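Residues 639 to 1359 in this note's numbering are what the sequence shown lists, from first letter to last.
Before any comments, here is the structure.
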Amino acid sequence: MELKKIFEIIWARKWVIIQAFIVITLTAFIGSYLIKPTYMAIAKASVSSSNASSSIASSLGMEDIAPSLSNFSVDSMENVIAQVTLLPYMENMIVKLQLRNEENELMLPQNLISTGILYQIRSSIFPVRHIEVLPYKETNMFQINATSKDPEEAMMMANTLAGVFISELQKLTRQEANSARIFIEDQITKIRGEWLSSLEGLKEFQKTNKTVNLDEEISIAIAKMAELMKQKEDNIIDLAEEDARLKALKGQVNIKGDLGITPEALIDNPQIKILMDRLAGLKIELAGALATATEEHPKVIGLRMQIDRTQKELKKEMATHRELSPQIEESSRKIAALKAHLSLVNGNIEKYSSFFMSIPDKSTEMTRFKQSMGASEKIYNALLDYNYKIGIIEATTLSNIRLLEPAGVPLFPFKPNIFLNTILGAFLGLMSGVGLAFFSEYMDDTIKSPGDIEAYDNTPLLGTIYNYGKALPQLISGMEIRSPAYEAFRTTRNSIRFASIDKPVKSLLITSAIAGEGKTNIVANLGISLAREDKKVLLIDTDLRRPRLETLMGIKNQSGLTNVLVGDITIEDAICHTSIDMVDLLPSGTTSLDPGRVIESQKLMSLIASLSQEYDYVLLDSPPILSFDDAVIMAGYVDGTILVVESKKITPQAIMRIKTIFERARLKPLGVILNKFVDRHYSGSYYYGDYYNYYYQDRKSKWGLWSGKLLGAIGNKKGHS
């Protein structure tokens, strides 16, 4: 489509565009003013990579998990945006803030992140909660936009979602360290149990076998065994020597003769025997104590003190037996003590021999317990150290997401933006108006221009009457001779003459397809234009159903055509002289006859023929041809028929129907007059303004210069029918 054609359509449909523009703009403004405000809070965060955690792990000697701490990163900003609005994060935020809908139920995450057409429509009318995550310019940052009718709630939504996302992402970053820590803690519990079990087994073994340090006990036992063997040898030697000495004493001394008492007598003394037995028992006990203890041991010291006391008591008791030989007594005492000591030493030797026999089994069991306990203790300590390091790493592991700018309480509403909405409404109104204008143009298949008539009908175009609106009088008699409307009728008048050169036309029937196309105005003004050429013109109003010609000519309805046809009055009495020279009028009349019968009467045809002899031109204003057949009937009474077509009102189909009607009646219209035409090439102020400027420039008056522009500005309004 040519640019010129586009502007023509826009200009022709300007009122449609203006109305759409005003309606939609006002709707946008009023709607924006009445909509409850919606507030938006924005939280900004960044995506970054940090090697701090992996460096700490490496410095602690834990290179195995260092890569997992440094390599965790977000692949792309789109990935971050998709993760923020995942259902778990959204649900966590909803639960924390207790966001509920109109039914007092917790909102669904899908309702907060919806971007469908229903959300767009609803959010444009009502304030709704919504979450949107967008990249922030061309950086590694993103922003969380939260909207709500409550500004504080919007702030909390943005900050809470950011906090939840960062916290959960940090947990995800710590996942491997956390998994390792959980595993280590389980192993610590298990190994600690094994270590305690080994420790309890060792304690039970030591308790059962009465041993604490087997190696030390073996060393002590070896030393004691050597000492006991030496004591045994010394004891045997001492016993042999003492026995020999006693025998020698007995051989040299006749104890019975010298002392007067036998040694047996001494032994048979009850008190002496008790003391001797006590002394022997104490010495045996002392020998046993010395086998396991030293001289400084309290028990050894106590036994020696008891032995001393017993010996003193024995000496005191034997003082009464001074006749006994001290040497024999002493020798006998030593022999008894040596035998007792020898018996004790042999018992201790046997005891240590049994101990040495059990050493292999004890050593094996002790070694097993110690190895098990040592291994468990070593593993336990290593796990404790590893767990401590894991705790440090876990505590120092941070998320790759940082909240740089928490959302604040918005001070001004995000929606509606009255100014922006009004501007958008104006733009939409303008575009809708233009679209509606082109759509109307597309759907409008009416006759608009002379070219349309020529395209659908080969009937000659006699003239084009422009739509000069209310700016000018309905009759050209009140116009300047050089006015555009006057010139249009003059051109039409000349076209009628040229169309009937071979056969002069004196009677003309002027009709239209439907009512309201301006045929009555055409009849009157065409008659006036002919009268200006000194032609005597008679106007006949044959539209008996809706007579209007007499009103237009300023004559009250009185007797006329119907009265003449029924013979009430003569034709001379019925014809009225108008205020315009050379123009007479025959009104429709006042007799209420059937219009169809009147039109079909032969009197009418004779009357028209008679009047054509008296007047230069007889112009008949007939009913619409598509409404009644009066026009077709009367077309046979006149020299020519002219069809008036109003621009933008009659469709080509109507023209074809009229053509068919005339063809069936074997009639051919003289031509077509296009009425109320707006030339898109010279419309509005351009055509009429320039026309008036051209014809009135000689007046040099302000009114003369501007009247044309004023008339042109309003000249596109609908004119009189």
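We put the CB at the ideal spot given by N, CA and C, even for glycine.
No experiment lies behind these values; they were computed from the predicted model shown.
Linking T1200 to I1263 through their CA atoms gives a straight-line distance of about 20 Å. For A720, the enclosing alpha helix (DSSP H) has its first and last residue at 715-722.
A straight line joining the alpha-carbon of L1203 with that of L1147 spans about 18 Å. Across the set D1254, S1115, L1242, the C-alpha of S1115 shows the shortest separation from the C-alpha of T1216. By the 16-neighbour rule on beta-carbons within 10 angstroms, Q1251 is exposed. 7 Å or more divides the Cβ of L1042 from the Cβ of A796. Taking a cut-off of 8 Å on C-beta distances, the segment 1265-1280 touches the segment 1296-1316, as three or more cross pairs fall below it.
An exposed status is given to D1082, since fewer than 16 other beta-carbon atoms sit within 10 Å of its beta-carbon. Contact between I826 and N1019 fails: their C-beta atoms lie close to 10 Å from each other, not under 8 Å.
With contacts defined as CB atoms closer than 7 Å, I1280 and G1234 fail to qualify as a contacting pair. Taking the Cβ atoms as the reference, P1225 lies roughly 4 Å from E1188, within the contact range of under 8 Å.
Around the beta-carbon of H935, fewer than 16 other beta-carbon atoms lie within 10 Å, marking it exposed.
Where N1313 is concerned, the enclosing beta strand (DSSP E) starts and stops at 1309-1315.
Measuring C-alpha to C-alpha distances from G1156 to each of E1284, E1210, V1072, K1174 identifies E1284 as the nearest. Secondary structure in the segment 737-799: the beta strand (DSSP E) runs of 3 residues or longer, each lying completely within the stretch, are 768-773, 779-786 in chain order.
Bounds of the alpha helix (DSSP H) holding R1135 are 1122-1137. Scanning I719, T676, L750 for the CA closest to the CA of I732 turns up L750.
Counting only the Cα atoms, A1126 lies some 34 Å from G1073. In this structure V1161 is not in contact with Y1253, their Cβ atoms being roughly 14 Å apart against a cut-off of 8 Å.
Shown here, K682 sits in a strand according to DSSP, grouped into three states.
A straight-line Cα-Cα distance of about 16 Å links P773 and P1044. The Cβ neighbour count for F1315, taken over all protein chains shown within 10 Å, is at least 16; the residue is labelled buried.
In the three-state reduction of the DSSP assignment, H979 falls in the helix class, which pools H, G and I. CA-to-CA, the gap between G1154 and Y677 works out to about 57 Å. Residue range 1240-1252 is occupied by the alpha helix (DSSP H) that includes S1244. Secondary structure at I910: helix, using DSSP grouped into helix, strand and coil. Taking a 10 Å sphere around the C-beta of K911, we find fewer than 16 other C-beta atoms and assign the residue as exposed. According to the DSSP secondary-structure assignment, R1040 is paired through a beta bridge with S684. Ranked by Cα distance from P1048, the first of E716, I680, M1294 is I680. Taking the Cα positions, L928 is about 56 Å away from K1027. Shown here, V1236 sits in a helix according to DSSP, grouped into three states. For L982, the closest alpha carbon among the candidates G1063, G1278, M867 is that of M867. Per the DSSP secondary-structure output, T1102 pairs in a beta bridge with L1312. Fewer than three beta-carbon pairs drawn from the segment 741-748 and the segment 642-657 are found closer than 8 Å, and the two stretches are therefore not classed as touching. Distances from the CA of P1185 to each of Y1124, L1258, L1113 were compared; the closest alpha carbon is that of L1258.
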